[in-house]
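This report concerns only the one structure given below.
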Amino acid sequence: MAKLPLPPLPLPIAPPSTVKNSGSERAKKSGRRTLAAKRKTLLEELWGDELEQLKVWNRHEHDGYTTVPRTLTYICRILDYLGGTGQPLSQTYLALWCRVFDEGFVEIKDKDGFAYEAGFSGQRAVTTWTGRMRKLRDLGFITTKPGTSGEFQYVILLNPLTVIKELYEGKEKDERYNALVGRMQEVGAKWE
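Shown next, in the form of structure tokens:
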């Protein structure tokens, strides 16, 4: 009687979470590459040979970039609303984002410089900036530790989407909140 060949041994299978994540990551990278290629094609169609002459700031070639949420403009609208009449918070918050490191950390050694970046000048610039920083802290957008430069020397920017979700918890959602939710869906942002 002829021997039948044995079936091959099954290959070891990675845990489902590993398979799912690696496939998901590959799909995300592939999707980003596809979108980047589409944007490149569109730019070449619109600008043609002129594109090579334009001095575009490329984050892969130039220093001076930070990562910001794609929802930042919507977050700023909510911040200005939460600040109250005549007390907009978005410029102060934006100045922090322009100085933040990937860990969410900002060290403030020059209050005058930060006040200027936030749009304040004159004798009361630092005082006004300090008031806005306190409001950002009170609302939960930042957490701070004092140092030799004052009460805001060390700052951590917290996830603004999580903060906004908590601030609106149990309250009626207004057009600012709803617009943020719409933008979050467009860019794939999550609350947590």
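Take the sequence shown: its letters are residues 35 to 226, numbered as in my numbering.
Backbone N, C-alpha and C define an ideal beta-carbon position, used for all residues, glycine too.
The model shown is predicted, which means the values in this text are computed figures rather than measured ones.
Going straight from the alpha carbon of T52 to that of Y211, what length do you get? For the purposes of this step, residue 52 is taken as residue 18 along the sequence shown, with counting starting at 1. For the purposes of this step, residue 211 is taken as residue 177 along the sequence shown, with counting starting at 1. At T52 the pLDDT is 45, less than 50, meaning the model places this residue with poor confidence; the figure from the coordinates comes in the next sentence. Rounded to whole angstroms, T52 to Y211 spans 35 Å at the Cα level.
Measure the C-alpha to C-alpha separation of M167 and D208 and round it to an integer number of angstroms. The residue you call residue 167 lines up with position 133 of the sequence shown. The residue you call residue 208 lines up with position 174 of the sequence shown. Straight-line Cα distance between these residues: approximately 25 Å.
Under the three-state DSSP convention, the category L123 falls into: The count along the sequence shown starts at 1 and reaches residue 123 at position 89. It is coil, neither helix nor strand.
Would you kindly work out how many angstroms separate the C-alpha atoms of G174 and R111, rounded to a whole number? Taking the sequence shown and counting its residues from 1, one reaches residue 174 at position 140. Taking the sequence shown and counting its residues from 1, one reaches residue 111 at position 77. Taking the straight line joining both Cα atoms gives about 16 Å.
Are the C-beta atoms of L128 and some chain D residue less than 9 Å apart? The structure shown contains no chain D; it holds only a single protein chain.
Do you know whose CA, among I176, P122, W163, lies nearest Y150's CA? In the sequence shown, the residue the question calls residue 150 occupies position 116. Selected option, being the one with the closest Cα: W163.
Which first and last residues belong to the beta strand (DSSP E) in which V189 is found? Position 155 of the sequence shown, counting from 1, holds the residue named residue 189. 184-191 is the span of the beta strand (DSSP E), which, as asked, contains V189.
Could you give the first and the last residue of the continuous beta strand (DSSP E) run that contains T177? Counted from its first residue, the sequence shown places residue 177 at position 143. Looking at the DSSP string, the run of the beta strand (DSSP E) that includes T177 is 176-181.
Could you tell me the alpha carbon to alpha carbon distance between K199 and N193, rounded to whole angstroms? The count along the sequence shown starts at 1 and reaches residue 199 at position 165. The count along the sequence shown starts at 1 and reaches residue 193 at position 159. Straight-line Cα distance between these residues: approximately 10 Å.
Closer than 8 Å by C-beta to K74: which residues in its own chain qualify, once you throw out the five before and the five after it? Chain order, please. Indexing the sequence shown from 1 puts residue 74 at position 40. So no residue of the chain qualifies.
Classify F139 as helix, strand or coil using the three-state DSSP reduction. As a first step, residue 139 is located in the sequence shown; it is residue number 105 there, counting from the start. Three-state result, F139: strand.
Identify which residue in K169, K89, N92, L88 has its Cα closest to the Cα of G117. Within the sequence shown, residue 117 is the residue found at index 83, counting from 1. Answer by Cα proximity: K169.
Report back the beta-carbon spacing between L195 and W225 to the nearest angstrom; my notes put them in contact at under 8 Å. The residue labelled residue 195 in the question sits at position 161 within the sequence shown. The residue labelled residue 225 in the question sits at position 191 within the sequence shown. So it is a contact: roughly 5 Å between Cβ atoms.
Relative to the alpha-carbon of Q219, which residue among G147, Y108, E137, D114 has its alpha-carbon at the smallest distance? Along the sequence shown, read from residue 1 onward, the residue named residue 219 stands at position 185. Comparing Cα-Cα distances from Q219 to each of G147, Y108, E137, D114, the minimum goes to Y108.
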